[in-house]
Structures are given as structure tokens and as C-alpha cells.
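Take a look at the structure set out below.
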Amino acid sequence: MKKKNEGTSIFIKPRQKTIAGLFMQGCKQKPIYAALTLFSIIAVILFTVFNIKIAENLVKILTAQNLVDMISKKDEASQTIIGDLIQNGVITGGEDTKFDVDALLRNEALVNSILKKLGNEDVLYRDGSIYSSIFGIELTFSKWIYTLMGNIGLIVISMYLSYFFTGLIAQTKETDLRKDTITKILSQDLNFFNANKTQSLVTIIVKDIGFIGDQLKIAPIIIVYILGSFVGATVTLGIIDWKITLCTLSLILGVVLVALLVVFVISKPTKKINLEEKNLNNTMAERIQAIRLVKSAGTWLEEQEKFKSQSKKLDRDKKISIAMTTLIAALLVGGIGSFTMASIVFGNFIYTGETAKLLTIFSTFTAGIFVVITPLFQLKEILEGVNRAKNSFNTIDKITSSMPKIDVNKEAEIESVDGDIILKDVYFSYPDAPDKTIINKLNLTLRKNKKYAFVGPSGSGKSTIAKLLLRFYDPTDGKILINGKQDLAELNLKSWLKHVGYVDQEPQIFSGTIIENVAYGLESWTQEELVEACKKAKLHSLIMALPKGYETVLYERGAQLSGGQKQRLVIARAFLKDPAVLILDEATSALDNIVEKEIQQELDKLMVGRTTISIAHRLSTIKDFDEIFVLDPNLGIAQRGTFNELINEPGIFKTLYDSSKN
Ligand SMILES: Nc1ncnc2c1ncn2[C@@H]1O[C@H](COP(=O)(O)OP(=O)(O)OP(=O)(O)O)[C@@H](O)[C@H]1O
59 MKKKNEGTSI FIKPRQKTIA GLFMQGCKQK PIYAALTLFS IIAVILFTVF NIKIAENLVK
119 ILTAQNLVDM ISKKDEASQT IIGDLIQNGV ITGGEDTKFD VDALLRNEAL VNSILKKLGN
179 EDVLYRDGSI YSSIFGIELT FSKWIYTLMG NIGLIVISMY LSYFFTGLIA QTKETDLRKD
239 TITKILSQDL NFFNANKTQS LVTIIVKDIG FIGDQLKIAP IIIVYILGSF VGATVTLGII
299 DWKITLCTLS LILGVVLVAL LVVFVISKPT KKINLEEKNL NNTMAERIQA IRLVKSAGTW
359 LEEQEKFKSQ SKKLDRDKKI SIAMTTLIAA LLVGGIGSFT MASIVFGNFI YTGETAKLLT
419 IFSTFTAGIF VVITPLFQLK EILEGVNRAK NSFNTIDKIT SSMPKIDVNK EAEIESVDGD
479 IILKDVYFSY PDAPDKTIIN KLNLTLRKNK KYAFVGPSGS GKSTIAKLLL RFYDPTDGKI
539 LINGKQDLAE LNLKSWLKHV GYVDQEPQIF SGTIIENVAY GLESWTQEEL VEACKKAKLH
599 SLIMALPKGY ETVLYERGAQ LSGGQKQRLV IARAFLKDPA VLILDEATSA LDNIVEKEIQ
659 QELDKLMVGR TTISIAHRLS TIKDFDEIFV LDPNLGIAQR GTFNELINEP GIFKTLYDSS
719 KN
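Rendered as C-alpha cells:
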């Protein structure tokens with residue numbers, strides 16, 4: 059079956075480069091969670107807005123109850139109120155103001171008309187209690203309090219559910235994004251890793267994607283909540299009193315516009331600050347990675363100073379940014395005060411003298427504005443977050459939109475290597491220096507199970523040949539033929555690498571157990587084979603001396619092992635893999651003479667029965683090789699022959715050999 063060519067796939071589609079786009083994609087992937095999220099957020103909005111209605115009704119009942127209480131006290135104040143009512147013709151009879159209060163309170167119709175007359179509309183006096191109704195249900199003050207408590211409970215539950223289901227959708231997308239990004243990074247050509255700092259790639263995987271994930275979990279829900287509660291509260295307040303709603307609304311919109319303007323103004327400097335911070339973090343992480351260099355060069359004070367001066371600048375920029383961003387919070391706080399004040403001021407103008415109505419309006423609008431404003435506070439964080447997430451999307455996109463040139467997933471697989479490896483008219487220039495030809499028309503044949511070495515001055519292209527054989531790069535022109543006929547560039551890369559063992563100067567070791575490190579990349583192996591490989595690499599007794607033996611966890615880059623021990627581990631890896639082709643790239647050049655001799659013995663055993671290509675610095679290690687190619691940076695292969703032939707003819711090899719003897 060033809061495998062998908064990752065090299066031609068487009069990674070992040072344009073519409074997914076935003077929090078909204080990615081979230082919508084998540085909703086399509088998880089429609090049930092999306093429906094539940096929508097359902098619960100609508101419930102949150104409705105219940106929250108319903109609080110305004112509850113507040114309105116509670117205040118109406120309280121105001122009416124207050125009036126009834128005052129009348130029923132039968133004191134001077136009560137008689138004054140009744141006197142006023144008689145004078146205004148609301149009550150007839152008892153003009154001497156000695157009105158029978160008990161009789162009045164028994165006459166419910168009369169009490170209700172008094173309440174209406176004094177501005178207490180939409181309430182009903184019955185059986186000594188005040189009722190107000192909602193959806194045709196009449197409720198007393200205490201029932202409204204129970205309703206309020208129940209409503210708050212429902213808000214909590216629906217809020218929890220909406221965050222929960224959004225979280226599930228967001229987590230799915232965050233995991234997908236991380237998976238896709240790592241897949242894309244790992245499928246890049248080696249050149250990509252030269253051009254991009256390791257730290258910035260790690261930052262993308264850890265920080266940028268984590269940040270996008272965090273925003274995905276809160277931004278969509280809060281934005282819908284802000285819009286929904288804004289519309290819901292406005293409509294409810296509009297129904298209660300459209301004139302005051304209109305006046306207050308224009309104030310709210312004014313403040314929101316100013317806040318948005320501030321966000322717009324600070325978006326560019328925020329971007330700059332984020333970049334500065336990222337660069338500073340990357341540089342520091344790089345220095346920590348190269349801590350041995352810093353310690354050995356004695357440059358820690360310089361590094362500290364550099365960090366101090368860069369972070370001082372960043373600190374100053376961040377403080378300026380704080381001054382701007384906190385302005386939004388201040389505007390919103392100021393906004394709340396002015397909105398509440400606005401409802402009294404506007405109300406006072408519109409309903410002069412109607413105290414009961416003003417009281418209801420003031421209380422209801424305070425509750426309503428609270429519903430509108432509370433989520434607006436989060437708007438600042440959300441807008442900043444969404445803005446930062448946009449930068450994170452751009453960084454990810456910039457890194458991952460680079461297309462690998464090497465198609466590793468070609469269909470043709472290679473079952474076994476039982477023929478020659480032929481380099482035919484091979485030309486090569488590195489992608490980032492296309493004008494500089496490193497390999498210039500190289501033609502040679504590497505016979506099965508023979509040992510070949512490449513020697514030559516520094517920069518003559520020896521390691522480049524190893525890189526071409528490992529297909530870190532494809533030749534700019536010409537072909538590398540496997541088994542004498544199969545073009546390496548047309549083969550499935552994994553199927554080729556299964557037959558290749560690679561030992562280079564710097565052993566690649568992960569933090570993990572010895573077993574994981576020795577068996578890295580192998581599909582099938584047995585415990586016995588692994589122990590046997592370690593014995594051949596003279597590593598077994600060392601491993602057995604460790605308290606946890608083969609289960610010993612190695613530190614990052616095998617920090618607790620000596621150079622020789624690390625190289626033995628890599629050799630054990632090659633023994634276990636048992637490849638047909640072995641590439642040694644200056645495998646012993648980092649070791650001292652004694653250790654090098656010991657390791658060389660193991661390498662000699664490893665080379666038996668395999669086609670070996672060795673990039674050699676120390677000529678003593680290639681004495682019995684079948685053929686040695688001497689490279690010249692300008693001429694390509696300047697000399698070729700066995701060790702004994704080459705030391706006896708004038709040329710680069712003899713010069714190198716003579717200088718190594720000295
Ligand atoms: N990634 C790269 N991009 C551009 N040029 C490169 C890259 N890697 C190596 N080169 C250049 O290619 C040339 C050959 O490098 P190569 O590493 O193959 O030499 P070498 O013979 O193995 O040298 P040495 O013995 O010092 O390791 C050098 O001039 C080097 O500067």
C-alpha cells in the first residue's frame with residue numbers, strides 16, 4: 059500500500075490558525091461534546107440573566123411590603139400616609155383620617171389599588187402577603203429567595219459542564235496539534251535542524267502548544283458567555299426599562315470601544331516583547347546545554363552579565379506593557395461605577411419623584427450591569443491570550459510549513475543488501491550553500507563485505523559521504539545505487555536504514571535504561587541477544603557491576619558514562635542490530651590512545667562480515683582495510699589503494715601518515 063507522502067501535505071490549514079478555527083474543527087470532531095457545550099453555555103447565560111428578573115421581583119415585593127408594613131403600624135406615619143391617600147381620592151370615607159387600618163388591610167382590592175397608585179406595579183397583595191408572578195406563577199418573597207438559590211445552583215452546575223465539555227474538545231485539539239507538530243518536526247530533513255535552534259523547537263512543543271491549549275480551554279466559552287450574557291442582560295433590562303437601558307448601553311459600548319482600542323495599540327509591542335522573551339529563553343537554554351563549554355572557558359560572569367542586561371531591557375519593556383494592559387482593567391472598574399451611577403442619574407431625570415420605580419430600577423440595573431460587566435473583566439485576559447496564541451500559531455506555522463525535500467516514504471523497499479554499493483557521478487552541495495560544490499563527480503564501487511576508508515584533510519567531504527549514504531541528504535546530481543542497481547533516492551528510507559549501522563564520534567544516548575538505549579530502533583531482539591551484544595562490546599561486566607544492571611537509567615547524553623563506555627554502548631547497539639552495512643564516522647577520534655585501542659578491537663570484531671565504510675582520522679585504524687580513498691577538497695578522490703600501497707607513493711596520504719608518525 060502506498061504510504062502518505064508527508065513531504066507534500068499541508069500542515070496547518072489557514073482557517074485552523076486561530077483559536078476559533080481550531081476549536082470549530084474540534085467541535086466537528088466531537089459533535090456530542092460540542093452540542094453539550096452549547097447546551098450548557100446557553101443554560102449558563104439564561105440562568106444568569108434570570109438573576110436580573112429575580113432581583114427585580116425581590117425589590118418590587120420588598121418595596122410593596124415596606125408600604126404595607128408602614129400602614130399596618132397604625133402610628134403617626136401610617137395615619138399620614140392614609141391622610142394623603144384620602145386627600146388624593148384613592149381612599150374614600152374617614153376624611154378625619156381616623157381610618158380603620160384593619161378594615162383597609164382586609165380589603166385586598168383596596169390595598170392593591172393603593173400599591174399601584176404608589177408605584178408598586180406588578181405585585182399582588184393577598185392573605186397578608188405580597189406576591190409577584192413569573193410565567194403565570196405567583197411567588198412570595200421567600201419563594202423568590204428559594205428560586206434565587208436554586209438558580210445560582212443551576213448556574214454553577216451548567217458552568218461546570220460547559221467548562222468540562224469545552225476542556226474535552228480543547229484537549230483533543232491540543233493533543234492533535236502537538237502530535238502533528240512533533241510528526242512534522244521529526245520528518246524534517248537534517249538541514250532543518252541545522253537552521254532551527256533545538257531550544258526554539260522545544261519551546262514550540264512545550265510552551266506554544268501548551269499556551270494554545272490553555273486558550274482553547276477558556277477563550278471560546280468566555281467569548282460566547284460574554285456575548286450571550288451581554289445580549290441576554292440587555293434584552294431583559296430593555297424589557298424592564300428601555301430608556302435607561304439605552305442610556306446605559308451607550309456608556310458600556312463607549313468603554314468597551316476604548317478597551318478594544320487599547321488592546322489594538324498594545325498588540326504590536328506585545329508581539330515584540332514575546333519575541334524578545336523567547337530569544338532570551340532560547341539563548342539561556344542553549345548556554346545551559348553547553349554548560350561544560352561555559353565552565354571550561356570561564357565565561358560564566360560574562361554570560362550572567364549578558365543575561366542581566368538583556369533581562370533588564372525585557373523587564374523595562376514588560377513594565378511599560380503592564381502600564382498599558384492594566385489600563386483596560388482600570389477602564390472596566392471605572393466603567394462599573396459609572397454604569398451604576400448612570401442608572402440612578404438617568405432614572406432620576408426620567409422618573410422624577412417615582413421613588414418606588416426608581417428603587418426597582420436602581421437595584422435591577424445594578425444586578426443587570428453586574429451580569430454584563432463580570433465576564434467583561436475576563437475579556438482583557440482573553441483578548442491578550444488570543445493575541446498571544448496568534449503569535450504561537452505563526453511560530454508553529456513558520457517552523458512546520460517547511461517542506462522536507464527528502465521523501466522518506468517511497469514505496470520500493472529493500473529486503474537485503476547482498477550486492478555492491480555504487481556511487482555514480484555523484485555531485486553534492488549543501489542546501490544552504492548551493493554554490494559550493496562539496497562532492498564533485500564521485501564514482502566508486504563498494505563491494506559487499508569489504509572494508510573501505512575515506513581519509514583526507516579537514517573539510518574535504520569525508521563526513522558528507524557518510525551523510526549521503528545515510529540519506530541525511532540526497533545527491534544534488536548522480537545516484538547512489540544499492541545492490542548495484544536500486545537508486546537509494548527511490549527507496550523507502552526506513553527499509554534501507556534497517557540494514558545500516560552507524561557509529562559516529564559523539565555517541566547518541568538518551569535518558570532511559572541501558573536496555574532501551576542498546577535496543578533503540580530495533581523491532582525484534584531477545585534478552586540473550588542483547589546481553590551477547592554487550593559482551594561483544596565489552597560492556598557486560600560494567601553493566602553487571604551497576605546496582606540495577608541492565609535496568610540502570612542513564613542520564614541525558616549518558617552523562618554518568620565515560621567517553622569509552624558511551625562508545626561501547628553504541629557499538630553494542632550495532633552488534634545487536636547486526637547490519638549488513640556499517641558506517642563509522644570518526645568513531646574513535648574523541649577517545650584517548652589507550653581507550654581508542656581497546657575500542658578499536660571491538661570495532662574490528664564488529665566489521666567482520668559487513669560492508670564497512672569508515673571515515674578515519676587515525677590512519678593506524680585502517681591498516682588492513684581493502685581500499686582507502688583519499689579525498690582532496692578540490693580534486694575529489696586524489697588517491698586510492700591499500701594502506702601499504704598508499705604509504706609508499708607520494709601524495710596526501712603519505713603526508714598525512716608521516717605527520718601522524720611525528
Ligand atoms: N550543513 C552544512 N551546510 C553547509 N556546508 C557544510 C555543512 N556541513 C558541512 N559543510 C561544509 O562541507 C565541507 C565538507 O565537510 P565535511 O564535514 O564533509 O568534511 P570532513 O572531510 O568530514 O571534515 P573533518 O575531517 O574536519 O570532519 C566543509 O567545507 C564544510 O564547511
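Heads up, the sequence shown is in the working numbering, so the first residue is 59 and it goes up one at a time. Cβ coordinates follow ideal geometry from the N, Cα and C atoms, glycine included. Model, not experiment: these values are computed from the prediction.
For residue j and residue i, the rounded distance between their alpha carbons
| i | j | result |
| --- | --- | --- |
| Asn337 | Glu363 | 16 Å |
| Asn702 | Pro605 | 48 Å |
| Phe530 | Tyr578 | 19 Å |
| Phe486 | Ile680 | 26 Å |
| Lys552 | Leu588 | 22 Å |
| Lys366 | Lys482 | 55 Å |
| Thr243 | Ser460 | The displayed chain sequence assigns Ile, not Thr, to residue 243. Straight-line Cα distance between these residues: approximately 9 Å. |
| Leu104 | Gly290 | 7 Å |
| Ile188 | Phe428 | 27 Å |
| Lys275 | Met82 | 13 Å |
| Arg73 | Gln623 | At Arg73, the pLDDT of 46 sits below 50, so the modelled position is not reliable and the matter cannot be decided from this model. |
| Ile324 | Gln566 | 45 Å |
| Leu526 | Ala591 | 28 Å |
| Gln145 | Ile215 | 54 Å |
| Glu335 | Gly517 | 37 Å |
| Lys329 | Asp272 | 18 Å |
| Val313 | Phe435 | 12 Å |
| Ala414 | Leu120 | 10 Å |
| Gly570 | Leu580 | 15 Å |
| Phe108 | Ala161 | 38 Å |
| Phe97 | Thr292 | 21 Å |
| Val282 | Leu80 | 16 Å |
| Asp493 | Pro533 | 14 Å |
| Thr410 | Val321 | 40 Å |
| Lys265 | Pro462 | 24 Å |
| Met602 | Ala630 | 15 Å |
| Ala317 | Ala101 | 28 Å |
| Glu361 | Glu564 | 26 Å |
| Gly405 | Leu417 | 9 Å |
| Leu333 | Thr458 | 18 Å |
| Gly519 | Val688 | 10 Å |
Nearest to residue i (by Cα), restricted to the options the options
| i | options | result |
| --- | --- | --- |
| Asp476 | Asp493, Pro433, Gln544 and Ile144 | Gln544 |
| Gln257 | Asp180, Thr241 and Asn339 | Asn339 |
| Ala638 | Ile629, Val320, Gly559 and Leu597 | Gly559 |
| Arg345 | Glu334, Glu335, Leu333 and Trp358 | Trp358 |
| Ile408 | Thr341, Val430, Thr303 and Thr522 | Thr303 |
| Leu319 | Ser136, Ser620 and Leu441 | Leu441 |
| Asp478 | Trp583, Leu546, Glu656 and Lys593 | Leu546 |
| Phe568 | Thr534, Leu612, His598 and Ala491 | Leu612 |
| Leu309 | Lys265, Arg236, Thr239 and Gly393 | Gly393 |
| Thr22 | Ala524, Lys371, Tyr91 and Ser718 | Missing from the structure shown is residue 22; the chain here goes from 59 to 720 and no further. |
| Asp180 | Asn165, Leu197 and Arg164 | Leu197 |
| Phe451 | Ile263, Phe687 and Thr669 | Ile263 |
| Ser672 | Ile686, Ile213 and Gly208 | Ile686 |
| Leu163 | Arg184, Leu176 and Val148 | Arg184 |
DSSP bridge partner residues for residue i (one or two, in chain order)
| i | result |
| --- | --- |
| Val484 | Leu500 |
| Arg505 | Paired residues: none, contrary to the question. |
| Leu549 | Ala470 |
| Ile695 | Leu689 |
| Gln544 | Ile540 |
| Ala511 | Ser672 and Ile686 |
| Tyr189 | Leu182 |
| Glu654 | Bridge partners of Glu654: none, in fact. |
| Val639 | Val558 and Thr669 |
| Asp535 | Tyr485 |
7 Å Cβ cutoff, residue i in contact with chain D
| i | result |
| --- | --- |
| Ser620 | In the structure shown, chain D cannot be found, because there is only a single protein chain. |
Near ligand 2: residue i beta-carbon under 6 Å from a heavy atom
| i | result |
| --- | --- |
| Tyr488 | In the structure on display, ligand 2 does not appear, and the ligands it does have are ligand 1. |
Those runs of the beta strand (DSSP E) which lie wholly inside the segment 394 to 441 and span at least 3 residues = none
Just list the beta strand (DSSP E) runs in the segment 557 to 582, keeping only unbroken ones of 3 residues or longer that don't cross its boundaries, in chain order.
-> 558 to 562
Only counting runs of 4 or more residues, tell me where the alpha helix (DSSP H) segments fall wholly within the segment 328 to 380, in order along the chain.
-> 349 to 355
Can you give, in chain order, each stretch of the beta strand (DSSP E) that sits fully within the segment 96 to 184 and has at least 3 residues?
-> 181 to 184
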